[in-house]
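Asker:
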Amino acid sequence: MLPANPEDRETNTRLEAETIAKGTLNPKQEFAFRIFVKHATGERQQQLRMYIAGAAGTGKSRFIDSVRYFFKLRGEEERYVVASYMGIAAKNIEGVTLHSCLNLQGLSRMKLHGEVHESMIKYWKDKDFLIIDEVSMISLHFLHSINKALQL
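Residue numbers (UniProt numbering): 1 to 152.
Written out as structure tokens, the structure reads:
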């Protein structure tokens, strides 16, 4: 991602404000969303690792919806994947399972079958963000599998 130029900053600021207003984000959600936007627009270059925690009903999905809306306004829906460990959770967030988007069931075969590896590279080519819902359900071993799968 290239650094944002001054003309883009004005547009990004407007889209950010529109997204915050539409999502009715509370101050903590807004703070997290603004950090995300700085990374999504190239204002911040380092890798973003963000953990958003909270009990059920505290607005974690509202943050995800705001990310979706922001990318939709920018015409960049291909830049992210929303995924979850369990199928029902993935369905609830209109996402995919981590197993399917990372081909974790075929990870051990990936080195043997070039077309699977090429397919994964093509799928992730334009993706900049992996948003994992219900991350508390994921074991350390599974996090290692995610990391390994993303090292295409």
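The beta carbon of each residue, even a glycine, is placed where N, CA and C say it ideally should be.
None of the values given here were measured: they were computed from a predicted structure.
#1: Do Ile131 and Val96 count as a contact pair if the criterion is CB distance below 8 Å?
#2: Since I believe Tyr69 is in contact with Lys22 (beta carbons under 8 Å), could you give me their beta-carbon distance rounded to a whole number of angstroms?
#3: Based on the DSSP secondary-structure assignment, which residues constitute the bridge partners of Ser145?
#4: Assign Ala89 to one of three DSSP states: helix, strand, or coil.
#5: Do Leu73 and Glu18 have their beta-carbon atoms positioned less than 8 Å apart in this structure?
#6: Have a look at Lys122 and Met50 and give me their C-alpha separation to the nearest angstrom.
#7: Do Phe36 and Ile20 count as a contact pair if the criterion is CB distance below 8 Å?
#8: Applying the 10 Å Cβ sphere with the 16-neighbour rule, what's the burial state of Asp126?
#9: For Ser139, which of Gln45, Ser100 and Met86 has the nearest alpha-carbon?
#10: What three-state label does DSSP hand Ile131 in the structure shown?
Answerer: In short, the structure shows the following:
#1: In the sequence shown, counting from the first residue as 1, residue 96 sits at position 96. In the sequence shown, counting from the first residue as 1, residue 131 sits at position 131. It is not a contact, given that the beta carbons lie outside the stated cut-off.
#2: Stepping through the sequence shown from its first residue, residue 22 is reached at position 22. Stepping through the sequence shown from its first residue, residue 69 is reached at position 69. At roughly 6 Å, the Cβ-Cβ gap stays under 8 Å, so Lys22 and Tyr69 are in contact.
#3: Taking the first residue of the sequence shown as 1, we reach residue 145 at position 145. According to DSSP, which records beta bridges pairwise, Ser145 is partnered with nothing at all.
#4: If you number the sequence shown from 1, residue 89 lands on position 89. Ala89: helix per DSSP, three-state reduction.
#5: Here residue 18 is taken as the residue at index 18 of the sequence shown, counted from 1. Here residue 73 is taken as the residue at index 73 of the sequence shown, counted from 1. Going by C-beta atoms, Glu18 is nearer than 8 Å to Leu73.
#6: Looking up residue 122 in the sequence shown gives position 122. Looking up residue 50 in the sequence shown gives position 50. Taking the straight line joining both Cα atoms gives about 25 Å.
#7: The residue given as residue 20 occupies position 20 in the sequence shown. The residue given as residue 36 occupies position 36 in the sequence shown. Cβ atoms of Ile20 and Phe36: not closer than 8 Å.
#8: The sequence position of residue 126 within the sequence shown is 126, counting from 1. Its Cβ having fewer than 16 others within 10 Å, Asp126 is exposed.
#9: In the sequence shown, the residue the question calls residue 139 occupies position 139. For Ser139, the nearest C-alpha among the options comes from Met86.
#10: Reading the sequence shown from its first residue, position 131 is the one you call residue 131. Correct three-state label for Ile131: strand.
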